[in-house]
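Input: a single structure, listed below in structure tokens.
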Amino acid sequence: MAASVFAPWTDPDQKPLIEFRNVTKRFGDFTAINDLSLKIYEREFFALLGPSGCGKTTMMRMLAGFETPTQGNILLGGQVIDDVPPNKRAVNMMFQSYALFPHLSIWDNIAFGLKRESRDKASIEARVEEMLRLTRLTKFALRKPHQISGGQRQRVALARSLAKAPKLLLLDEPLGALDKKLREETQFELMDIQEKTGTTFVIVTHDQEEAMTVASRVAVMDEGRLVQVSTPDVIYEAPNSVYVAGFIGDVNLIKGTASARTTATVEEPEAPTQPAENTPSAAQQERTPRPNSYGEWLHDTLLSPILGKRVEAPKPKQLPAPTPEETATAKAAEAPDIPEGGLSLKWADGEPDLIAVNGDPALDGKEVTLALRPEKFSISKTKPTGVANAVKGKVIDIGYLGNISTYHVELPGGLMVKSQVTNTRRIARRDITWEDTVWLSFTATAGVVLPE
Amino acid sequence: MRRFSWFNATSLTLGFAFLYLPMIILVIYSFNESRLVTVWAGFSTKWYGELIQNEEFLGAAWVTAKVAFFSSCLATVLGTMAAYVIVRAGRFKGRTLFSGMIYAPLVMPEVITGLSLLLLFIGIGLDRGILTVVLAHTTFAMCYVSVVVSSRLVSFDRSLEEAALDLGCSPFEAFRLVTLPIIAPAVISGWLLAFTLSLDDLVIASFTTGPGATTLPIKVFSAVRLGVSPEINALSTLMIAIVTVGVITASLVSKRAAVQQARDERAAERAE
Amino acid sequence: MRRAVLIAIPYVWLVALFLVPFLIVLKISLSDIALARPPYTPQLDLAAGWDGIKSFFAALDFENFTFLATDDLYWKAYLSSLKIALVSTFLTLLVGYPIAYGMARAAPEWRPTLLMLVILPFWTSFLIRVYSWMGILSTEGVLNQFLLGIGVISEPLQIMNTNTAVYIGIVYTYLPFMILPIYSALEKLDDSLLEAAEDLGCSRLSAFWLVTIPLSTGGIVAGCFLVFIPALGEFVIPSLLGGSDTLMIGKVLWEEFFSNRDWPVASAVAVILLLILVIPIILFQRNQQLAREADT
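Chains A, B and C, in that order, give the protein sequences. Letter by letter, the first sequence follows residues 1 to 452 of the working numbering. Letter by letter, the second sequence follows residues 453 to 724 of the working numbering. Letter by letter, the third sequence follows residues 725 to 1020 of the working numbering.
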């Protein structure tokens, strides 16, 4: 039943916790935020993702109260909070630099906000102890910030900002100062704490992996605007623009001229496995990330190909998710079973057109870009049969990353593409090497057709 | 590793000899038995005895101490405010003039500062005395304080203040509970600097002082114009001793704090 | 509201005790010499309205400045101050650079101590430091006794009450101001730059000329300004160590004020001194600005 599903943004009756209403923020001549509207719901873990200077930090500082919008309003729980000073907002922030008070002990840092409220001593003590337990810092309580490690400081900052039980917690690049390994651990810790406390988290980050791992929804920003707001899987599998596709992960972009394949409407390619609309996957229902690889989680998500339905304003209207099975079995010698509809893409002279059944036929005759993730390719030395798309190319370079290898393949016409293959075999057993002629194949639904 | 050559060693030795020999000679001659500065007539502390009995010097020293105390305290408060305004207040009307007025006294020749203040005090009919010297010293010392404090404030992580606001502090509480404790070392050094500047000042005090408010430097200056005297040597030795002890103590304290901090940080990293 | 109060307090203080006094100096410098003692004319009579303001401005003239231009004591004093300040700045650089260089090359654990040794004299009374040279430089002073004793000279040298003594005094008292900025520039210098220069065929001396000196220019310039600007208006050193023929503008101003009690002329002297100082001060500010920009 949909009630147990955490996807408040799909429910039009849900009241948002935070609402940006046509917010514009200018600093002198510079427009940091440009007429932006957004709703964030209670208990969400919402990520603002974008390159530096895209306005994500300004949005967070407006939520905290350090900046006021030039135009438009920000609402918290239905109340306009534009003129509420930061010390009067039920919003707390975890700073990028952590901003731990160097002259106070860990205990006093955590108690700092509580002491500002007129609370009795016992309740402050109880709350601080609780926060120390939650963040596993009890034995460091009497130390000063410079006497603990970076990871511990990060947890103190989190405990301090959570101590007042804010309605909304803002996290400004919370893991930026940690090294990669610690960052990965801490991501799951953060999700765990968010789950336990039930607080709404808004995180600002420029690290797309971090945003994808922790967030229930991701907003990709560019130059003060929201480019796409959606769940991480949709952002990855069905980016709505070349910008989003390029920002999140690796992508191959093949330009060409589209032509509609048939006049028929697009079929749902895998109708039998498709659950009812608006029913998110089991993985999403849980929302509890398991401390395994991000890939596995993504994989689970991909199993339920409902994704095209939930894109909020997708350019390609219907985007059935390709499954790993499809790509994995692409070279199996089945008869090509290509659904009708979609687009075919003329991309190079003398080469067969590429087929993308998920393309919007309305793009007929337009210049479009086919965005293909490197892992959607299958690579083989012989021409595969029974696949929708197969192109010949020459291996120029091989990047061995341990768990995966990246092949840089030059296609006819000089286009370089990347293909990623999981290294399930030992290195000596793999037969593709430099200068080899190879075939790259992918299904009719592997790519996303993006208008120019 | 850098190569520390003979040339470096020689220039350091000669350089520090040049810096310290005059003062060392001064100290040695303060223990000279003879009134003649040029003849060594045996060790004696009699000039210190005479100095202590010299009512005029004692009176001047007391005036100087009072002036230095009041002006340095006032200058510290005003200078810290000025630093905060310069670094934090953002844009406001007349900001350029304000920062100009903060920096100008640092490079203004003392004779001009002194002359202009005297003309002001006469113009408004203020009787010259301890008060006018305090006002004058506060004005130029506050600029030094604000330079010292603002250099600390600039490197101060502003998010600390924002964190305090975020956790429910009013702006004033944020200053009192977070900013002030953290910039305290700079405020203290600003105060020490203001105090020393006031103790040392001859020119501005000469212009702005009046009857009954003769400061020690004025007294010393009128005495040494007539030539070298062993009493002044004794007085100088005392002042050099106080400053030396003070500076060495301060640097040892701050060095120990720094060493402790570094040790703690290393321990924290290892504990990870 | 709070912010306005915070800005207003130091602002009003500085306007009242820095800007206004300076405007008074400017006004008096344009007033008549005639009255050697206050009240000086003219008075701004606001009660008389527009006429009052007109007569106020009508009474102002450049008489005092004309006087300064015609009496060669003053322009000689300005020129002599400039010369003394320039020469002593150069001498301070010659003395200070090797010290700063030696400090920057000393072992890191020694540097804080050396730095403290440079700063210590700065905290010691300026007057006492100048005074300490009186006992050394005088005819029967320690230096002459020493030189006579080892037989280098047969007659005592007359150093006290000459410009030489003034140079020594300025170099001595302002030396820390020269050493500190140069040291901080040299300390930042990456040793591998010198190694790279030598690797590319420089001798140690040419590496010093081509790498170390250019990279410490910022410190040298800052140090020179920090010595030159206060030296120009110096009063204590010329009056204690200099002779009657040592002309420095600070001393002239002092005497004009305290001995001749001619306030309008003293004010005019101050205004001109300030005008002369404006150029190096602006250059100094620009240099500091550039240094800050280069840092970030």
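Heads up, the beta-carbon is just placed ideally off N, CA and C, and yes, glycines get one too. Computed from a predicted structure; not experimentally measured.
If you keep only unbroken beta strand (DSSP E) runs of at least 3 residues inside the region 516–582 of chain B, you get nothing at all. The beta carbon of B:C595 is closer than 6 Å to those of I554, P557 and L558 in its chain, skipping five residues each way along the sequence.
Measuring C-alpha to C-alpha distances from C:A992 to each of C:L754, C:V935 and C:D795 identifies C:L754 as the nearest. With three or more CB-CB distances shorter than 8 Å, the region 895–909 of chain C counts as touching the region 945–956 of chain C. The C-beta of B:P663 comes no closer than 8 Å to any C-beta of chain C. The beta carbon of A:P174 sits closer than 6 Å to the beta carbons of M94 from its chain, once the five residues preceding and following it are set aside; these are given in chain order. Any Cβ of chain A closer than 8 Å to the Cβ of B:D609 would place that residue at the interface, and such an atom is present.
Judged by DSSP in its simplified three-state form, A:M221 adopts strand. Not a single CB atom of chain C sits nearer than 8 Å to the CB of B:F483. For chain A, the residues of the region 611–631 of chain B that bring a beta carbon within less than 7 Å of one of its beta carbons are S611, L612, E614, A615, L617, D618, L619, G620, C621, S622 and V630, in chain order. C:S856 belongs to the set of residues whose beta carbon lies under 8 Å from a beta carbon in chain B. Membership of B:N460 in the alpha helix (DSSP H) is indicated by the continuous run W458 to Y481. Within chain C, the residues whose beta carbon sits less than 8 Å from that of B:D652 are S849, F850 and L851, listed in sequence order. Take the alpha-carbon of C:L750 and the one of B:F647: they are about 30 Å apart. Between C:Y855 and B:I694, the beta carbon gap of about 16 Å keeps them out of contact (Cβ cut-off 8 Å). For a Cβ distance threshold of 7 Å, residue set P102 and H103 of chain A lies close to B:I634, ordered along the chain.
Using a C-beta cut-off of 8 Å, the region 24–32 of chain A makes no contact with the region 184–192 of chain A, since fewer than three inter-stretch Cβ pairs fall below that distance. Taking 8 Å as the Cβ-Cβ cut-off, the region 983–1016 of chain C approaches chain B at W987, A990, S991, A994, L997, L998, L1001, I1005, F1008 and Q1009, given in chain order. Exposure of C:I874 is indicated by the presence of fewer than 16 other C-beta atoms within 10 angstroms of its C-beta. The straight-line gap separating the alpha-carbon atoms of C:Y907 and C:W834 is approximately 14 Å.
Under the three-state reduction of DSSP, A:Q96 is assigned to coil, being neither helix nor strand.
Between A:I148 and chain B, the shortest Cβ-Cβ separation is below 8 Å. Closest by C-alpha distance to B:A638, out of B:L645, B:V601 and B:S611, is B:V601. Distances from the CA of A:R127 to each of A:T205, A:N92, A:A163 and A:L343 were compared; the closest alpha carbon is that of A:A163. In terms of Cβ geometry, A:F377 and A:F201 do not form a close pair [threshold 8 Å].
In the DSSP assignment, A:V368 falls within the beta strand (DSSP E) that extends over E367 to L372. Secondary structure note for A:S380: it is in no alpha helix (DSSP H), and the uninterrupted beta strand (DSSP E) holding it is S378 to S380. DSSP places B:D618 within a helical segment (H, G or I) once states are collapsed to three. Interface criterion not met: the Cβ of C:P905 is under 8 Å from no Cβ in chain B. By the Cβ-count criterion, A:R153 is buried, with 16 or more other Cβ atoms from all chains shown falling within 10 Å of its own Cβ. At the C-beta level, C:Y802 and C:I1005 stay beyond 8 Å of one another. Residues of the region 501–523 of chain B with a C-beta atom less than 9 Å from some C-beta of chain C do not occur. In the DSSP assignment, C:A830 falls outside any alpha helix (DSSP H), carrying neither H nor E. Contact annotation: in the region 707–723 of chain B, residues whose CB is within less than 8 Å of a CB in chain A are Q713, D716, E717, A719, A720, E721 and A723. Around the beta carbon of C:S930, a 10 Å sphere encloses fewer than 16 other beta carbons of the protein chains shown; the residue is thus reported as exposed. Listed by position along chain B, the residues whose Cβ is nearer than 8 Å to that of A:E117 are G620.
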